[in-house]
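Undergrad:
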Ligand SMILES: NC(=O)c1ccc[n+]([C@@H]2O[C@H](COP(=O)([O-])OP(=O)(O)OC[C@H]3O[C@@H](n4cnc5c(N)ncnc54)[C@H](OP(=O)(O)O)[C@@H]3O)[C@@H](O)[C@H]2O)c1
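In my numbering, the protein residues as written are 12 to 286.
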């Protein structure tokens, strides 16, 4: 019997959180892992081996994604799964966002992700195979007060992914979306920008209530390993299913929104946040 070929995954944002947990899980399952990150020299947890390579990739660098595809192909000869996980969040009132913060929000989460799709698609097309997985969020299906810019970027990736599902799907390439709820990573520390609304004190009471609610909600966060398991399930699911919720809160909130309808769910969210 022919030996099963080792498969290869490329992970963006593998320096921490969900990306790192995913790199570890796939490595433990015998996959080749191209763990891409902005600063591979600073990484010490993901140890390089014949099956794990640390590759530099800042998705905001114009040539970054193409160079990362080339490096992964040089290391492993083939890419089976590309995981767009790198993310950034702007937190606070839209009015308080600087041009730089707003551009970064869309540059990392949307334009950088599109650049990665464009970089890996030729390889997938040539193989008439491959799986593209985009990490969005429950916040790509419904908004969370004070996350409007972040949510808008994740809504964009939800729409983009549906479109890709058709056009890449027609070429034998699977497109998947992972929608985590609240996950216990350092996203709130290393990847979140608090927008400065100090010059707009009108927002202060709203933001205080939001911060208190956020504290309550994130107390029950799920570990990043749970999202990694969901990503593994999606990567190895041969069906054309696109969406995978990750976490018990995601499984509660998304069906509830469907059941109530968007308007009633938004009113409920307003009550939960006491705003
Ligand atoms: N945590 C949650 O509750 C949650 C919920 C739903 C969805 N998500 C999504 O899950 C994904 C991973 O987030 P996480 O929770 O694991 O947080 P995290 O630990 O902060 O990971 C974010 C990763 O993105 C990387 N990154 C940021 N900008 C980048 C850029 N320009 N180029 C390449 N990499 C970049 C970061 O790299 P550096 O180390 O260089 O900063 C980091 O590795 C994100 O897309 C996030 O939106 C998170």
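Note that the Cβ used here is the ideal one computed from N, Cα and C, for glycine as well.
Fair warning: this is a prediction, and the values are worked out from it, not measured in the lab.
Within the chosen definition, does the region 19 to 31 reach the region 235 to 243 through at least 3 CB pairs nearer than 8 Å?
TA: Yes, the region 19 to 31 touches the region 235 to 243.
Undergrad: By a C-beta neighbour count over all protein chains shown, 10 Å radius and 16 as the cutoff for buried, is residue 271 buried or exposed?
TA: Locating residue 271 in the chain shown gives position 260, counting from the first residue. So residue 271 ends up on the exposed side.
Undergrad: Return the chain-ordered list of same chain residues with a C-beta closer than 8 Å to the C-beta of residue 189, the five sequence neighbours on each side being excluded.
TA: On the chain shown, position 178 is the one that residue 189 refers to. The residues are 144, 145, 146, 147, 238, 241, 242, 245, 255, 257.
Undergrad: Let me know the beta strand (DSSP E) ranges lying completely inside the region 80 to 113, each 3 residues or longer, listed in chain order.
TA: The region 80 to 113 contains these whole beta strand (DSSP E) runs: 92 to 95, 100 to 102.
Undergrad: Would you give the residue range spanned by the alpha helix (DSSP H) that residue 228 belongs to?
TA: Walking along the chain shown from the start, residue 228 turns up at place 217. Counting along the chain, the alpha helix (DSSP H) containing residue 228 begins and ends at 215 to 229.
Undergrad: Could you tell me how far apart the beta carbons of residue 24 and residue 98 are, in whole angstroms, since I believe they sit closer than 8 Å?
TA: Here the question's residue 24 lines up with position 13 in the chain shown. Here the question's residue 98 lines up with position 87 in the chain shown. Contact holds; Cβ gap of about 6 Å.
Undergrad: Do residue 105 and residue 167 count as a contact pair if the criterion is CB distance below 7 Å?
TA: To locate residue 167, count along the chain shown from 1; it is residue 156. To locate residue 105, count along the chain shown from 1; it is residue 94. No, these two residues do not count as a Cβ contact at 7 Å.
Undergrad: My understanding is that residue 150 touches residue 162, with C-beta atoms under 8 Å, so please give their C-beta distance in whole angstroms.
TA: Within the chain shown, residue 150 is the residue found at index 139, counting from 1. Within the chain shown, residue 162 is the residue found at index 151, counting from 1. Residue 150 to residue 162, Cβ: 5 Å. Contact.
Undergrad: Taking the CB atoms as reference points, tell me whether residue 102 and residue 205 lie closer together than 7 Å.
TA: Here the question's residue 102 lines up with position 91 in the chain shown. Here the question's residue 205 lines up with position 194 in the chain shown. In contact: residue 102 and residue 205 (Cβ atoms closer than 7 Å).
Undergrad: In this structure, how does DSSP classify residue 51 when only helix, strand and coil are distinguished?
TA: For this step, residue 51 is matched to residue 40 along the chain shown. If DSSP states are grouped into helix, strand and coil, residue 51 belongs with the helices.
Undergrad: From the DSSP secondary-structure annotation, give me the bridge partner or partners of residue 63.
TA: One-based indexing of the chain shown puts residue 63 at position 52. Residue 63 is bridged to 44, 60.
Undergrad: To which residues of the same chain is residue 38 closer than 6 Å at the C-beta, ignoring the five residues directly before and after it?
TA: As a first step, residue 38 must be located in the chain shown, where it is residue number 27. Same-chain partners within the cutoff: 44, 63.
Undergrad: Could you check whether the Cβ of residue 92 sits closer than 6 Å to any heavy atom belonging to ligand 1?
TA: Counting from one through the chain shown, the residue named residue 92 turns up at place 81. No, ligand 1 has no heavy atom inside 6 Å of this Cβ.
Undergrad: If the criterion is Cβ atoms closer than 7 Å, does the pair residue 194 and residue 232 meet it?
TA: Within the chain shown, numbered from 1, the residue matching residue 194 stands at position 183. Within the chain shown, numbered from 1, the residue matching residue 232 stands at position 221. Contact: yes.
Undergrad: Within the present structure, is the beta-carbon of residue 69 separated from the nearest heavy atom of ligand 1 by less than 6 Å?
TA: Counting from one through the chain shown, the residue named residue 69 turns up at place 58. Yes, since a heavy atom of ligand 1 falls inside the 6 Å radius drawn around the Cβ of residue 69.
Undergrad: I need the DSSP call for residue 266, collapsed to helix, strand or coil.
TA: Your numbering for residue 266 matches position 255 in the chain shown. Helix at residue 266.
Undergrad: I want to check one thing, is the minimum distance from the CB of residue 196 to the heavy atoms of ligand 1 below 6 Å?
TA: Translated into positions along the chain shown, residue 196 becomes position 185. Yes; taking the cut-off as 6 Å, the Cβ of residue 196 has a heavy atom of ligand 1 nearer than that.
Undergrad: Excluding the five sequence neighbours on either side, which residues of its own chain have a C-beta within less than 6 Å of the C-beta of residue 175, listed in chain order?
TA: Sequence index remark: in the chain shown, residue 175 carries index 164 (1-based). Closer than 6 Å at Cβ, skipping near neighbours: 186.
Undergrad: Rounding to the nearest angstrom, what Cα-Cα distance links residue 89 and residue 123 in this structure?
TA: Residue mapping note: residue 89 aligns to position 78 of the chain shown, counting from 1. Residue mapping note: residue 123 aligns to position 112 of the chain shown, counting from 1. If you take the alpha carbons of residue 89 and residue 123, they lie about 22 Å apart.
Undergrad: Are the Cβ atoms of residue 130 and residue 77 separated by less than 7 Å?
TA: Within the chain shown, numbered from 1, the residue matching residue 130 stands at position 119. Within the chain shown, numbered from 1, the residue matching residue 77 stands at position 66. Yes, they are a contact pair.
Undergrad: So, using beta-carbon positions, are residue 46 and residue 22 closer together than 7 Å?
TA: Position 35 of the chain shown holds residue 46. Position 11 of the chain shown holds residue 22. Taking 7 Å as the Cβ cut-off, residue 46 and residue 22 qualify as a contacting pair.
Undergrad: Below 6 Å, is the gap between the Cβ of residue 60 and the nearest heavy atom of ligand 1?
TA: Against the chain shown, residue 60 aligns to sequence position 49. Incorrect: residue 60 has no Cβ contact closer than 6 Å to ligand 1.
Undergrad: Let me know the secondary structure DSSP gives residue 23 once reduced to three states.
TA: As a working mapping, residue 23 is identified with position 12 in the chain shown. Three-state DSSP puts residue 23 in coil, outside helix and strand.
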